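One structure is given below, encoded as structure tokens.
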Amino acid sequence: SCQLDKLAKAAGLQYFGTAIDNPSLNNQNYMRVARDISEFGSITPANGQKWSNTQPSQGRFSYTSGDSIANIAKQSGQQLRCHTLVWYNQLPGWVSSVYGKDQMQRIITAHIQNVAGHYKGQCTHWDVVNEAMEDDGRYRNNPMYRAMGVDYITHAFKTTAQTDPAARLYYNDFNIERCCNAKINATLSMLKTVISAGAPIHGVGMQGHSRVGKSPSKREMKETMAKFGELVDEVAFTEVDIRHTKLPTTAADRDQQALDYVEVVGACLETPKCVGITVWDFTDQYSWIPGQYPGEGEACLWDRNYNKKPAYTAIVNLL
Ligand code: XIL
């Protein structure tokens, strides 16, 4: 029938996936869709594998939240797209107070060996490093960068490859969809630097958070993916949601949202190296957008009552 993952695979992609998060796991309506393998062939934990959850204090590892979601994927026969090992955000305070290069390197090693080791063999992909660049093209001045410079990126990829050799290893970021801004150019040169330093990077993840009516065009995204594709084997849209900046929405707004989603899916379909698309949750009921951008929202493919929106139908028609 006409469902997202089924159609995406028939169209040549490896998966159509969604992020899901722990607070929604006891909602029956939610779980019926989340576990539907014809809709979602891949699941990503929205928060459970992040540093603040997995190693809240030094040497104390916790996999409760991440495992709940990994187990759902396993039981439903869905792939697990893992997120994320090294990120400046949702990073516990104790990591921020580490200044020495060797000390930080040991901490990153221990974190990755434990977390990627725990999930070894389960993750089809790992977002190894998330959001290392600023919009203006500088390296983000995060605790890892302050201690190690760009070597933290190389080290994170090397360590993950040693720990879980089967996972496809990604660099992941936002605002790198529309060719070619300062951030994209800087990301390309960062990737060249760390790849020549020996970082085993298989893919670039474009998060794909954008706004209705201001979303990048298919042409712009294809141009970007072609550039990343010169450096890595694969690219993917990893966190797609397209939010309305004005609520409540009209039917015309929702039709525009459908057009915007179709540009993303079309760009992936027309890019041989684009392996898949993940949406950052599938229902407006649990989207992170209203919490992050007050007054904005309705960014997902299903509304809060689990009705499919025009964007869903438009994607299915395209696929
Ligand atoms: C978001 C989660 O969805 C929220 O629940 C959390 O409060 C903050 O993080 N880029 C990323 C994701 O790489 O990890 C973020 O997820 C959204 C932006």
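So the sequence shown is residues -2 to -1, 1 to 317, counted in mature numbering (1 follows the signal peptide of the UniProt record, and there is no 0).
Cβ coordinates follow ideal geometry from the N, Cα and C atoms, glycine included.
Just so it is clear, the structure is predicted and the values come from calculations on it, not from any experiment.
Simplified DSSP state of residue i, which is helix, strand or coil
| i | result |
| --- | --- |
| D239 | strand |
| N139 | coil |
| I41 | strand |
| S50 | helix |
| T269 | coil |
| residue 365 | For residue 365 there is no data in the structure shown, the boundaries of the chain being -2 and 317. |
| K306 | strand |
| N128 | strand |
| Q283 | coil |
| Q101 | helix |
| Y168 | strand |
| L83 | strand |
| Q56 | coil |
| S194 | helix |
Within 8 Å, strictly: CB atoms of residue i and residue j
| i | j | result |
| --- | --- | --- |
| V210 | R241 | yes |
| G64 | T52 | yes |
| T122 | R166 | yes |
| S40 | G15 | yes |
| Q283 | R302 | yes |
| L11 | G274 | yes |
| G201 | D231 | yes |
| D239 | V263 | no |
Status (buried if at least 16 other CB within 10 Å, exposed otherwise) for residue i
| i | result |
| --- | --- |
| L245 | exposed |
| T42 | buried |
| R176 | buried |
| Q254 | buried |
| Y150 | buried |
| D8 | One point to set straight first is that residue 8 is Ala, not Asp, in the sequence displayed. A8 comes out exposed. |
| Y97 | exposed |
| K133 | Note that residue 133 corresponds to Asp in the displayed sequence, not to Lys. That one is exposed. |
Residue i versus residue j: straight-line alpha-carbon distance, rounded
| i | j | result |
| --- | --- | --- |
| C80 | T222 | 23 Å |
| M204 | C266 | 11 Å |
| P308 | P141 | 42 Å |
| T247 | S55 | 43 Å |
| residue 385 | T269 | Here the chain covers residues -2 to 317 and nothing more, so residue 385 does not appear. |
| Q120 | L78 | 6 Å |
| P163 | V126 | 13 Å |
| G196 | K156 | 7 Å |
| F280 | N24 | 16 Å |
| Q103 | Y117 | 21 Å |
| R138 | A68 | 30 Å |
| Y13 | M131 | 27 Å |
| K181 | R136 | 8 Å |
| I313 | N183 | 30 Å |
| C(-1) | D258 | 20 Å |
Beta bridge counterpart(s) of residue i as assigned by DSSP
| i | result |
| --- | --- |
| A234 | G203, G274 |
| R2 | The question names Arg, but residue 2 in the sequence shown is Leu. Answer is none; L2 lacks a bridge partner. |
| H116 | The partner list for H116 (beta bridge, DSSP) is empty, contrary to what the question assumes. |
| D123 | Note that residue 123 corresponds to His in the displayed sequence, not to Asp. According to DSSP, which records beta bridges pairwise, H123 is partnered with R79, R166. |
heavy atom of ligand 2 below 7 Å from residue i C-beta
| i | result |
| --- | --- |
| W278 | Only ligand 1 can be found as ligands here, which leaves ligand 2 out of the picture. |
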